[in-house]
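Quick note: the first sequence uses the numbering used here, first residue 1085, plus one each step.
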Amino acid sequence: MSNQRIVSRLKEISSKALDEVFGHKVDSSQLIVNQTKKEFDGNYTLVLFPFAKALRKGLPEIGEALSNYLTNLAEIRSCGLVAGFLNLEIETSEWKKELQLIAEDLNYGISSASGEKIMIEFSSPNTNKPLHLGHIRNILLGNSCARIHDALGYEVVETQVINDRGIAICKSMHAWQEFGNGETPDSTGMKGDHFVGKYYVAYNDALKEEYLKFQSSKEGLAFLDSKKKSEETAETFWSNYKNAYFNEHSTIGKATKEMLLKWEAGDSDTIALWKKLNDWVYSGFDKTYERLGVNFTKNYYESDTYKLGKESVEKYLKKGLFYKEPDGSVWIDLEDAGMDKKLVLRSDGTSVYMTQDIGTAQKRYEEFETTKMVYVVGNEQNYHFKVLFEILKQMEEPYADGLYHLSYGMVELPTGKMKSREGTVVDADDLMDEVIAEAKKSALEHGEIEGATDEERNEIYRKVGLAALKFQMIRVNPQKKMVFDPKESVDMQGTTGPYVQNAFVRIQSILRKMGAGSLEELHQEYELKEEEKELIILMSSYPDILKEAGSNYDPSLIASFGYSLAKAFHKFYHECSVLNAESEQAKNFRLVLIGQVSRLLEKSMAILGIEMPQRM
RNA sequence: GGUCUCGUAGCUCAACUGGAUAGAGCAGCUGCCUUCUAAGCAGCAGGUUUCAGGUUCGAGUCCUGACGGGAUCACCA
């Protein structure tokens, strides 16, 4: 965590000091300045070890000479040398100046528009079932990255590819047709995506039943005898044979595949049925997205994009980038780039996933001219994207250098992975209901919201509950797999969203009573407390943190910032009274200070899609 | 098996990209509400950073190897 202005100033003067005292020229960017550890005096620390060798002098000698030089500067109050660390204490007036700069900058942390465009793809659900916990991580990461890049001056295009075609949705369609008796989301009062998901489950139950029946039938037993390897048990054979059964024996499977063929042929009844179910699903997704607070600039539908890319492959086949096998399939050899050979067109000339992704990337660039494209997709597809990006690079696409796979780890439960077969999938809507209900319970225990209307109360429960959920999801480094404990997600204490909100709410309570502080009177005589300096140090690191979060595509850094700032505030709150401050100067300073703290808490959490209540 | 990835307190996560005695939260124990919201603060306890080597002033972080988890290696999406 570093402070842009003060740290770069410290590096600059240290570099100058080294030059003037020792005639040693070092670029200021080479210097290491860290925040001083709590157990030592000082605010920032210059690391001296690298100079011992370069100057062929002892660390004490270097330290003392630099101390003498630096202490004479207006910004530095004192220097302390511990081993190879030179601890610098910054002059009070500098802290006030820093606070003033933050307060006066209406766009603090925000970069002006660069004209650069970035596209972020996230969520990208299948339409056969509702969204679950895994989607929530994806969506929150994608949305946060979009907000981060907004703040960094990019024009952001948010998009999702909706997987609306294929065998999966046909399963739901078939099941609804067979067992639905014409019922609808309206007639059952169900949310559309859950309604369609119900039929997907029903389909799989029916298939399973059929499979079990086959296994015990004469035909099935004879089949088992003829195919089973001697070392296999019947159980493992059937479990491995599942997919092949679906493709080769199942009557329900056959009907479903026929449905898919009809869909591909454009059969009007099938298309109508398909549209009906998908529309139900979209109305359900819309509600979930709205509740999560996310929007998309543009949706791509796989039914429109699944044929893209073929022409490109054929074009680059002629150019020799791809090659054709005798059976007619088309491949690319990436062995020089450390990867395998990869199929891009089947022998029957149809395209595969990779082909479609190539085409979709090109189409997006044609439509939006985004030079950066981020794909928020789970890490199980790391290799796929490595290959995709390499192909696009070899095709010399203009955006090839701006491709990024924001690969995130799977979400697991304390009991292990979520498995739909075992019914352990955590549904997105249910989870939101749960955290909001828990926020309500918690508010009834500790909340101070007397006098609020029912509507206001519900808004508070919603904000607090969703804050708990969102913070819990985002605070973990995206790259890592995470364990999500539903019990912890409804926790409102410690490293949580509500903890951060509580800091904000406490500030609002003070500001309601006392009004804002005066910037003009900020520079009156007043010696800052450590807790106050700490808040300013943290706030001054915000622009750098935003940039780092952007360049690393890592929103967890923002969550971490918000928590640190809230924690520092809670400590300040305990140590320093605003209402009963020891002097008018102290009171005014604190009012200005907490005004900025509250502003940054709100802004940083807004980037994560977390809203702040006025009371809780 | 090949490739990639991860391994930090009982649990969930940090560690400013190589800097000081590895930090938080939860769970456990102890204090603090007549005072700006106790969804808070302070404290106790909890660690050979999986293991073994190496690189250097300095390694949780970089390199090599082992062990252990996960992912991926389809003319599936």
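Glycine included, each C-beta is placed from N, C-alpha and C at the ideal position.
Given the structure is predicted, the values throughout are model-derived calculations rather than measurements.
- In this structure, the beta-carbon distance from L1132 to F1169 falls below 8 Å.
- When C-beta atoms of the segment 1483-1496 are compared with those of the segment 1449-1468, three or more pairs fall below 8 Å, so the two segments count as touching.
- For Q1119, the enclosing beta strand (DSSP E) begins and ends at 1117-1119.
- Cβ-Cβ distances below 8 Å link E1616 to W1179, F1656, C1660, F1673, R1674, L1677 in the same chain, with the five nearest sequence neighbours on each side left out; the list follows chain order.
- R1430 carries a coil assignment under DSSP once its states are collapsed to helix, strand and coil.
- Where S1661 is concerned, there is no enclosing beta strand (DSSP E), because DSSP gives it neither an H nor an E.
- Counting only the Cα atoms, Y1647 lies some 10 Å from H1654.
- If you draw a straight line from the Cα of S1682 to the Cα of E1175, it comes to about 25 Å.
- Contact check for P1697 against Q1577 fails: the beta carbons are separated by 8 Å or more.
- With a minimum length of 3 residues, the unbroken runs of beta strand (DSSP E) contained wholly in the segment 1431-1495 fall at 1456-1462, 1487-1492.
- Under the DSSP assignment, I1097 falls in the alpha helix (DSSP H) whose first and last residues are 1088-1106.
- When DSSP states are grouped into helix, strand and coil, F1169 belongs to the strand group.
- Judged by DSSP in its simplified three-state form, L1612 adopts coil rather than helix or strand.
- Annotated three-state conformation of D1309 is helix, per DSSP.
- Taking the Cβ atoms as the reference, E1686 lies roughly 14 Å from F1555, outside the contact range of under 8 Å.
- Residue pairing for M1203: DSSP places it in a beta bridge opposite V1241, M1457.
- For the 8 Å CB-CB criterion, E1496 and K1565 form a contact.
- Here M1438 has V1428 as same chain residues with Cβ atoms under 6 Å from its own Cβ, once five neighbours each way along the sequence are excluded.
- Less than 8 Å separates the beta-carbon of L1630 from that of I1232.
- Annotated as distal: L1236 and S1271, with beta-carbon spacing of 8 Å or more.
- Assignment of beta-bridge partners to D1111 by DSSP yields no partner.
- The three-state secondary structure of R1161, taken from DSSP, is strand.
- About 15 Å separates the Cβ atoms of Q1680 and M1598, ruling out a contact at the 8 Å cut-off.
- Remark: fewer than three beta-carbon pairs, one from each stretch, lie closer than 8 Å, so the segment 1154-1167 and the segment 1199-1215 are not flagged as touching.
- For F1369 against L1215, the beta-carbon gap comes to about 7 Å, under 8 Å, which counts as contact.
- Taking K1201 as reference, the option from Y1153, H1219, Y1483 with the minimal CA-CA separation is Y1483.
- Look at H1216 here: in three-state DSSP terms it is strand.
- The C-beta of H1258 has 16 or more other C-beta atoms within 10 Å across all chains shown, which makes the residue buried.
- Under the three-state reduction of DSSP, N1383 is assigned to strand.
- Bridge pairing for I1174: I1160 [DSSP].
- In the displayed model, I1194 falls within coil according to three-state DSSP, outside both helix and strand.
- Of the candidates I1591, I1223, K1503, A1421, the residue whose Cα lies closest to the Cα of L1476 is A1421.
- Exposure of L1296 is indicated by the presence of fewer than 16 other C-beta atoms within 10 angstroms of its C-beta.
- Ranked by how close their Cα comes to the Cα of S1198, the residues Y1238, M1689, C1229 have Y1238 in first place.
- About 16 Å separates the beta carbons of Q1114 and Y1128, which is beyond the 8 Å limit, so they are not a contact pair.
- Its Cα nearest to that of I1558, the residue L1217 stands out among E1419, F1380, G1250, L1217.
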